[in-house]
Each structure stands twice: as structure tokens, then as C-alpha cells.
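A.B. asks: If you're matching positions, the sequence shown starts at 1 in full-length UniProt numbering and goes up one per residue.
Take this structure, written in C-alpha cells, and hold onto it; I'll ask about it next.
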Amino acid sequence: MAAAFAVLGVIGTYLYFVHTTTGQYIDESALVEAAVPREKIGLQVSYFLDLLPIISVVIGLVVILFVTIFRKRWLASGIAILAMAGANLSTQLFKSALPVRPDQGIATLNFNSLPSGHSTLAASAAAAVFLVVSPRWRPFAAFIGGSFAILSGSSTLINQWHRPADVLAAYLVVAAWTCIAGWLILRSGRSWNVWQGYSAHWASSRLWPLLSALLGVAAAVLATIVLGRLATPGTQSSTDYFFSGVAMIVIAGYLLTVAGILLFSFAARRPRLSSG
Numbered sequence: 001m002a003a004a005f006a007v008l009g010v011i012g013t014y015l016y017f018v019h020t021t022t023g024q025y026i027d028e029s030a031l032v033e034a035a036v037p038r039e040k041i042g043l044q045v046s047y048f049l050d051l052l053p054i055i056s057v058v059i060g061l062v063v064i065l066f067v068t069i070f071r072k073r074w075l076a077s078g079i080a081i082l083a084m085a086g087a088n089l090s091t092q093l094f095k096s097a098l099p100v101r102p103d104q105g106i107a108t109l110n111f112n113s114l115p116s117g118h119s120t121l122a123a124s125a126a127a128a129v130f131l132v133v134s135p136r137w138r139p140f141a142a143f144i145g146g147s148f149a150i151l152s153g154s155s156t157l158i159n160q161w162h163r164p165a166d167v168l169a170a171y172l173v174v175a176a177w178t179c180i181a182g183w184l185i186l187r188s189g190r191s192w193n194v195w196q197g198y199s200a201h202w203a204s205s206r207l208w209p210l211l212s213a214l215l216g217v218a219a220a221v222l223a224t225i226v227l228g229r230l231a232t233p234g235t236q237s238s239t240d241y242f243f244s245g246v247a248m249i250v251i252a253g254y255l256l257t258v259a260g261i262l263l264f265s266f267a268a269r270r271p272r273l274s275s276g
């Protein structure tokens with residue numbers, strides 16, 4: 001069910017941001033205005049941001065290898081890696097299968113760039129780690145992995161590789177595959193997928209979903225303020241659409257982070273209570 005909602009989210013993102021004039025204008029304006037912060041951060045920082053998706057994959061594979069060898073979760077690791085591959089393959093197939101962007105009167109490149117391959121790579125690596133770690137580690141892994149995916153996704157906008165909607169679609173593609181893989185892992189690894197509660201360990205603390213939610217709300221407030229300012233007659237934007245685009249990425253990233261923590265905590269097996 002959750003995977004179906006994620007797929008519907010991808011379709012909705014595509015239809016609004018590609019097939020409507022308002023969606024194209026918001027998306028393209030954010031991409032164009034990204035030239036301003038990109039120029040200010042300099043080439044070295046820009047180059048580092050470009051490397052973030054690859055860095056995330058390397059870190060993710062190292063963690064998966066560690067868990068596989070020392071925790072002997074061979075099946076879970078195999079499922080997670082297949083889901084990671086599936087997400088990236090789906091992104092490329094989706095991107096190549098879609099027609100060119102329709103002309104809505106917005107000056108833009110007409111080839112399809114949705115979903116973002118860079119963002120899919122980073123988010124799927126984070127999701128793979130989330131899937132293979134123990135339930136008590138998942139809230140912390142979700143927050144760290146989600147934050148890294150958000151940073152990587154934002155970097156593709158800053159470096160003008162992708163529009164905000166491309167990143168949103170990538171996150172939703174990964175979310176769909178994570179739900180499918182999670183369903184398999186929770187059922188095939190019942191012996192270790194035991195949820196002890198939010199107070200069982202510092203990594204399972206309510207702090208992580210709460211912090212994710214607060215950061216998402218903060219981004220929503222920022223977007224509201226910026227877009228409200230743009231609604232004032234005669235207001236010209238220099239970076240307002242860019243910051244709104246970043247806010248969209250942050251909101252989507254942390255919303256999915258919170259959803260993942262809650263969904264997997266609810267679905268994991270509870271420990272048996274000793275009788276007597």
C-alpha cells in the first residue's frame with residue numbers, strides 16, 4: 001500500500017511540474033536562480049557537492065558489507081542491494097520512456113530530466129543501509145541517511161544538474177522500492193527484526209523522527225514566507241524560487257524519513273513477553 005502511494009506521488013509530481021504552466025515555471029525558476037548561490041560557493045565546493053552521490057554509495061556499501069559479514073544478514077543485504085539496483089534502473093527507464101517536456105510557454109530545455117539519477121543513487125544507498133540495520137538502529141540511520149540524501153539532492157539543484165521536482169520524484173521512486181524490500185526483509189528476517197521501543201536505545205530514540213519533523217516544518221515555514229513575499233505585486237525574485245525549491249526537497253526528504261521510521265517501527269515484530 002505504501003509503495004503504491006509512492007508511485008502515485010511520482011506520477012503526481014510529473015503531471016504537475018511537467019504538464020502545467022505553474023509547475024514548470026516554479027521548477028525552472030528554481031533551476032535558473034541556482035546560478036547565484038553556485039557562483040558564491042566557488043568551484044571547489046561545487047565539485048565536492050557533485051561527489052556527494054558517489055560518496056553516499058561508498059559509505060552505504062561499506063556499512064552493508066559490515067552488517068553482512070558480522071551480522072550474517074546475507075538475505076537482507078541481497079534484497080537491499082537488489083532494491084537499490086531496482087530504484088536506479090527504474091529511474092533511468094522512467095526518464096528515457098517519458099516524452100520530451102511539453103511546451104507550456106516556459107523557456108526551458110525540452111528533454112526529460114525527471115527523476116534525478118544522482119538523487120536516486122544517494123537516496124537508494126541510504127535506504128539500503130536503513131533496510132539491513134537492526135530495528136533499534138533504524139531511526140538514527142533514517143535521520144542520517146535522509147539528511148545525506150537531502151544534501152545530495154540539494155547539491156544537484158545548486159550545481160544546476162536537476163530541477164527540484166526531479167529530486168522529489170527520485171525520493172519517491174526510492175521510497176516505493178524501500179517499501180517492497182522492507183516487506184520482504186521483515187518477513188524473511190523475523191528473528192532479528194524485533195522492535196524494542198523508542199526508549200530501548202539511543203539510536204531508536206524519538207529524537208530522530210521528532211528532529212526530522214521539525215526540520216521539515218522549518219523548511220515549510222521558509223517556503224511559505226518566501227512564496228508569500230513573491231505574491232506581493234512588483235516583487236522581483238533573485239533567489240526566492242531557488243530557496244523554495246530547496247525547501248521542497250527538505251520537506252519531501254524529511255517527510256519520507258519520518259514515514260519510514262514510523263512504518264518500519266510499526267511493522268517490525270514485538271518481543272515476546274515472558275509468562276510469569
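The beta-carbon is built from N, C-alpha and C at its ideal position, and this holds for glycine as well.
Along the alpha helix (DSSP H) that carries residue 109, what are the first and last residues, could you check?
C.D. replies: No alpha helix (DSSP H) contains residue 109, which DSSP labels as neither H nor E.
A.B. asks: Which residues mark the beginning and the end of the alpha helix (DSSP H) in which residue 178 is found?
C.D. replies: Start and end: 164-188.
A.B. asks: Pick helix, strand or coil for residue 133, following the three-state DSSP scheme.
C.D. replies: DSSP places residue 133 in coil when its eight states are reduced to three.
A.B. asks: Using 8 Å as the cut-off, can you tell me whether the segment 135-143 makes contact with the segment 84-104, which would need three or more C-beta pairs spanning the two stretches below that distance?
C.D. replies: In short, these stretches do not touch, since the Cβ pair count stays below three.
A.B. asks: Hey, is the segment 15-31 in contact with the segment 189-197, meaning 3+ C-beta pairs nearer than 8 Å?
C.D. replies: Output reads no: the segment 189-197 does not touch the segment 15-31.
A.B. asks: Closer than 6 Å by C-beta to residue 90: which residues in its own chain qualify, once you throw out the five before and the five after it? Chain order, please.
C.D. replies: Same-chain partners within the cutoff: 173.
A.B. asks: What do you reckon, are the CB atoms on residue 244 and residue 258 nearer than 7 Å?
C.D. replies: No, the Cβ-Cβ distance between residue 244 and residue 258 is not below 7 Å.
A.B. asks: Are residue 241 and residue 30 closer than 7 Å when you measure CB to CB?
C.D. replies: The answer is yes: Cβ separation under 7 Å.
A.B. asks: Under three-state DSSP, which class holds residue 13?
C.D. replies: It is helical.
A.B. asks: By Cβ distance below 8 Å, which residues in the same chain neighbour residue 79 in space, the five residues on each side in sequence not counted?
C.D. replies: If we look at residue 79 and ignore the five residues flanking it on each side, its Cβ neighbours are 131, 181, 184, 185 and 188.
A.B. asks: Checking the sheet assignment: what are the DSSP bridge partners for residue 194?
C.D. replies: Per DSSP, 269.
A.B. asks: Buried or exposed: residue 1, going by 16 or more other Cβ atoms within 10 Å of its Cβ?
C.D. replies: Exposed, since its Cβ has fewer than 16 Cβ neighbours within 10 Å.
A.B. asks: DSSP on residue 101, reduced to helix/strand/coil?
C.D. replies: Here residue 101 sits in coil by DSSP.
A.B. asks: Can you tell me whether residue 111 is buried or exposed, with buried defined as 16 or more other CB within 10 angstroms of its CB?
C.D. replies: The residue in question, residue 111, is exposed, as its Cβ has fewer than 16 Cβ neighbours within 10 Å.
A.B. asks: Under 7 Å between C-beta atoms, does residue 57 make it to chain B?
C.D. replies: Here there is only one protein chain, and chain B is not present.
A.B. asks: Please determine, among 222, 209, 17 and 102, the residue with the shortest C-alpha to C-alpha distance to residue 263.
C.D. replies: Per the Cα distances, 209.
A.B. asks: So is the beta-carbon of residue 159 under 6 Å away from any non-hydrogen atom of the ligand MG?
C.D. replies: With respect to the ligand MG, the structure shown offers nothing to examine, as it has no ligands at all.
A.B. asks: Between the Cα of residue 215 and the Cα atoms of 40, 247 and 101, which residue gives the shortest distance?
C.D. replies: Cα-wise, what sits closest to residue 215 is 247.
A.B. asks: Under a three-way DSSP split, which group does residue 114 fall into?
C.D. replies: Residue 114: coil per DSSP, three-state reduction.
A.B. asks: Rounded C-beta distance between residue 170 and residue 116? I'm assuming under 8 Å.
C.D. replies: About 4 Å; that satisfies the 8 Å criterion.
A.B. asks: Closer than 8 Å is the cut-off here; do at least three beta carbon pairs connect the segment 73-88 with the segment 148-167?
C.D. replies: Too few Cβ pairs lie closer than 8 Å, so no.
A.B. asks: Helix, strand or coil, according to DSSP, for residue 20 in the structure here?
C.D. replies: Coil at residue 20, not helix or strand.
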